[in-house]
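Each number in the numbering used here corresponds to the 1-based position in the sequence shown with 2 added. Heads up, the beta-carbon is just placed ideally off N, CA and C, and yes, glycines get one too. All values derive from a computational prediction rather than experimental measurement.
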Amino acid sequence: MTAKPSIDEIALVARIAEQDQTALATLYDLYASLLYGVAFKILGTVEETEEAVLDVFQQVWRTAARYNPQKAQVDTWLFMQIRSRALDKLRSKKRIARTQQISLDAIDMEAQAPTKNPVEDVIVLERRKLIVKAMQQLPPEQRQVIELAYFQGLTHTEIATQTDVAIGTIKTRIRLGLNKLRGFLSSLNSSELG
Numbered sequence: 003m004t005a006k007p008s009i010d011e012i013a014l015v016a017r018i019a020e021q022d023q024t025a026l027a028t029l030y031d032l033y034a035s036l037l038y039g040v041a042f043k044i045l046g047t048v049e050e051t052e053e054a055v056l057d058v059f060q061q062v063w064r065t066a067a068r069y070n071p072q073k074a075q076v077d078t079w080l081f082m083q084i085r086s087r088a089l090d091k092l093r094s095k096k097r098i099a100r101t102q103q104i105s106l107d108a109i110d111m112e113a114q115a116p117t118k119n120p121v122e123d124v125i126v127l128e129r130r131k132l133i134v135k136a137m138q139q140l141p142p143e144q145r146q147v148i149e150l151a152y153f154q155g156l157t158h159t160e161i162a163t164q165t166d167v168a169i170g171t172i173k174t175r176i177r178l179g180l181n182k183l184r185g186f187l188s189s190l191n192s193s194e195l196g
């Protein structure tokens with residue numbers, strides 16, 4: 003950290019407050035790798051760390067007008083944000099684990115409800131096994147939002163409220179998770195057939 007706030011960094015934040023994307027890109031280039039290192043030490047996974055860094059820069063974009071150079075240097079301001087975001091993610095892991103267990107229990111209960119057609123029961127049971135197997139390969143954050151959206155029927159806004167995560171992050175997690183599920187399921191189906 004520097005002893006004095008850098009005039010250039012303060013000017014960058016001021017330009018970001020005026021919605022200057024170039025200034026945000028410059029600040030990102032200056033600090034993304036340092037923030038990544040801090041977040042990775044706390045979180046320990048690449049995916050969560052990348053998400054935390056992006057969340058911080060989204061927050062910078064939204065709150066740059068409130069930055070006060072008298073209270074903190076730009077680097078200190080950014081490091082406080084990444085630390086806070088990373089610790090929030092750690093706390094949410096416990097909530098995610100509880101939600102996942104409830105959702106997986108619900109899948110198991112549904113799988114045990116028989117229909118009038120035994121062949122259909124077998125097909126449904128096999129599909130559920132494949133889905134559960136694929137879901138278990140997803141990162142916890144992606145699994146949580148997919149379960150909340152598809153098994154519990156929550157909207158993106160409701161998920162964001164329940165998990166205390168930005169709606170844009172929720173949408174990204176769902177999109178990434180569904181893409182991974184498609185890949186997992188297609189590879190599982192290929193291996194089952196082959």
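Item	Value
Please confirm whether Gln21 and Trp63 have their CB atoms less than 9 Å apart.	yes
With distances taken between CB atoms, is the gap from Asn186 to Lys135 smaller than 9 Å?	Position check: residue 186 holds Phe in this sequence, whereas Asn was assumed. It is a contact, given that the beta carbons lie within the stated cut-off.
Could you give the distance in angstroms between the alpha-carbon of Ala13 and the alpha-carbon of Thr171?	28 Å
Which residues bound the alpha helix (DSSP H) around Pro142?	Pro142 to Ile148
Among residues of its own chain, excluding the 5 on either side of His158, which ones have a beta-carbon nearer than 8 Å to its beta-carbon?	Ala151, Ile169, Ile172, Lys173 and Ile176
DSSP three-state label for Glu20, please.	coil
Decide if Gly179 is buried, meaning its Cβ has at least 16 other Cβ atoms within 10 Å, or exposed.	buried
What residue range is occupied by the uninterrupted alpha helix (DSSP H) comprising Phe59?	Val48 to Thr65
Only counting the same chain, and skipping five residues up and downstream in sequence, which positions put a Cβ closer than 8 Å to that of Leu45?	Thr51, Ala54, Ala88, Lys91 and Leu92
Can you list, in chain order, the residues of its chain with a C-beta nearer than 8 Å to that of Asp57? Leave out the 5 residues immediately preceding and following it.	Arg87, Ala168 and Thr171
Tell me which residue opens and which closes the alpha helix (DSSP H) that Thr163 is part of.	His158 to Thr165
Nearest-angstrom Cα distance between Leu26 and Gln154?	37 Å
Go through its chain and collect everything with a Cβ distance to Ile18's Cβ below 7 Å, but skip five positions before and after it.	Ala25, Leu26, Leu29, Val62, Trp63 and Ala66
If we ignore side chains and look at the alpha-carbon of each, how far apart do Lys182 and Leu140 end up?	7 Å
In chain order, what residues of the same chain have a beta carbon less than 8 Å from the beta carbon of Gln144, not counting five sequence neighbours either side?	Arg175, Ile176, Leu178, Gly179 and Lys182
Reducing DSSP to helix, strand and coil, say where Gln83 ends up.	helix
So for Tyr30, helix, strand or coil by DSSP?	helix
I need the DSSP call for Tyr202, collapsed to helix, strand or coil.	Outside the shown range of the chain, which is 3 to 196, sits residue 202, and nothing can be said about it.
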